Amino acid sequence: MELRLLVTFEKVATVLSFTRAAAELKYAQSSVTSQVRALETSLGTELFDRLGSRIRLTEAGERLLPYARQIIELTEEARAAVVGAEEPSGAVAVATMESLTSYRLPPLLELFHHRYPGVRLSLRTTIGDATKEALRQGTYDVGFLMERERVHPGLETEVLAEEPLALVAAPAHPLAARSAVTTAELTEVSLLATEPGCAYRDLFEQELVSLAPHGVSFMEFGTIEATKQGASGGLGVALLPAVTVGRELAGGTLVRLPWEPPFTLWTQLAWRSGKRLPAQVRLFVEQAVRLVREQASP
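Residue numbers (the UniProt record's numbering): 1 to 298.
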């Protein structure tokens, strides 16, 4: 098995798209397809099921994927050890989420862009249980979590900071003039939220459901930015990470309602337990811990 073919297979298996894999590897799509076919021929088995415009790994592909990743990681380690390069290099696949990518990670991304150009960062947006399962499967090298729990089976975790939350609404919202807001009162107003699976949305919903036996409903928005626009436009109230609404609170387009969530979330960085982190991944972890903690400090 040629390393080049394994690298291409691993990329296609990660993104489940020949087109995206070709773009990220800077190959023609036909080249990616032919390389996967060549690997399948050498192994005597198909690695992907082709389902029209979609693909998925076969059982053989599922078995090969962790070995391919180990071989690629060991190859990068061996190259660094033999060459003795002073500058770190290699790929780092990172699972992240919109709130962190936009509001916590820019200093970290700028650092790697300017100081460590040989390190290739690949960020994928995913949340909650999907992130944890992908890390256990080895889909990503590391992943950011925003969770109440700080221990996760099968993962090693570095807690970066407590992540404050803010309940926000438009200045003209009826609750904006209140000196205090109860959870029960929130079950009677329009609620805005990001998609299910986001820890703070799910925990917020659990608190409300406990006081509303018939359930509560959210107007769902695809992004935090859209949720903020909905709140500032008077569509309802939204619970969001405080770091994401700082500009709107300062500018007066949103106000913070006097309600504190009865749960605490922690921003964390996690990776698969027992995983041997290559040098560039260790560097990413070290710098993420340093910069996010500095940014989150009062």
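Cβ coordinates follow ideal geometry from the N, Cα and C atoms, glycine included. In this text the structure is predicted, and so the values were computed from the model without any measurement.
Taking the beta carbon of residue i as the centre, do at least 16 other beta carbons fall within 10 Å, making it buried, or is it exposed?
i       : result
His-173 : buried
Met-146 : buried
Thr-182 : exposed
Leu-203 : buried
Gly-143 : buried
Glu-294 : exposed
Specify, as a first and last residue, the run of the beta strand (DSSP E) that residue i falls within.
i      : result
Val-94 : 90–96
What are the start and end residues of the alpha helix (DSSP H) that includes residue i?
i           : result
Arg-136     : 128–137
Arg-282     : 279–296
residue 350 : What the structure shows of the chain is the stretch from 1 to 298, and residue 350 is not part of that stretch, so it cannot be assessed.
Counting only the same chain and skipping the five closest in sequence on each side, list residues whose C-beta sits under 7 Å from that of residue i.
i       : result
Ala-166 : Leu-240, Ala-242, Val-245 and Arg-256
Glu-248 : Lys-228, Ser-232 and Leu-254
Tyr-103 : Val-243 and Thr-244
Pro-278 : Glu-73, Glu-76, Glu-77 and Gly-90
Ala-13  : Leu-57, Gly-61 and Leu-65
Pro-88  : Tyr-116, Gly-118, Val-119, Ala-279, Gln-280 and Leu-283
Which residue from the options puts its Cα closest to that of residue i?
i       : options                               : result
Met-1   : Ser-232, Pro-117, Val-216 and Ser-42  : Ser-42
Gly-222 : Tyr-27, Ala-95 and Ile-127            : Ile-127
Ser-99  : Arg-293, Ala-270, Glu-225 and Asp-49  : Glu-225
Pro-261 : Glu-163, Arg-178, Ala-13 and Leu-3    : Glu-163
Tyr-200 : Gly-252, Thr-264 and Ser-179          : Thr-264
Glu-77  : Gln-287, Ala-288 and Arg-282          : Arg-282
Val-292 : Thr-125, Gly-274, Ser-210 and Leu-269 : Leu-269
Ala-212 : Thr-157, Ala-81, Ala-184 and Gly-197  : Ala-184
Glu-156 : Glu-205, Lys-26, Lys-132 and Pro-107  : Lys-132
Excluding sequence positions up to five away, which residues of its chain have a Cβ less than 6 Å from the Cβ of residue i?
i           : result
residue 300 : Because the chain here runs from 1 to 298, residue 300 falls outside it and cannot be looked at.
Asp-141     : Val-92, Ala-93 and Val-281
Leu-105     : none
Ala-180     : Pro-258
Ala-296     : Ala-161
Cβ of residue i less than 7 Å from any chain D Cβ?
i       : result
Val-151 : Among the chains of the structure shown, chain D does not appear; only one protein chain is present.
Going by the beta-carbon positions, is the gap between residue i and residue j smaller than 7 Å?
i           : j       : result
residue 301 : Lys-11  : No information on residue 301 is available, as it lies outside the stretch 1 to 298 that the chain covers here.
Gln-35      : Leu-3   : no
Gln-280     : Gly-154 : no
Val-32      : Phe-18  : yes
Thr-267     : Ala-161 : yes
Arg-79      : Gly-138 : no
Leu-65      : Arg-272 : no
Ile-55      : Leu-16  : yes
Phe-112     : Leu-123 : no
Val-159     : Arg-150 : yes
Leaving out five residues on either side along the sequence, give the residues of the same chain with a beta carbon under 8 Å from the beta carbon of residue i.
i       : result
Val-237 : Leu-167, Val-168, Ala-169, His-173, Leu-175, Leu-186, Val-189, Ser-190, Leu-191, Leu-192, Ala-231 and Leu-257
Ser-217 : Leu-191
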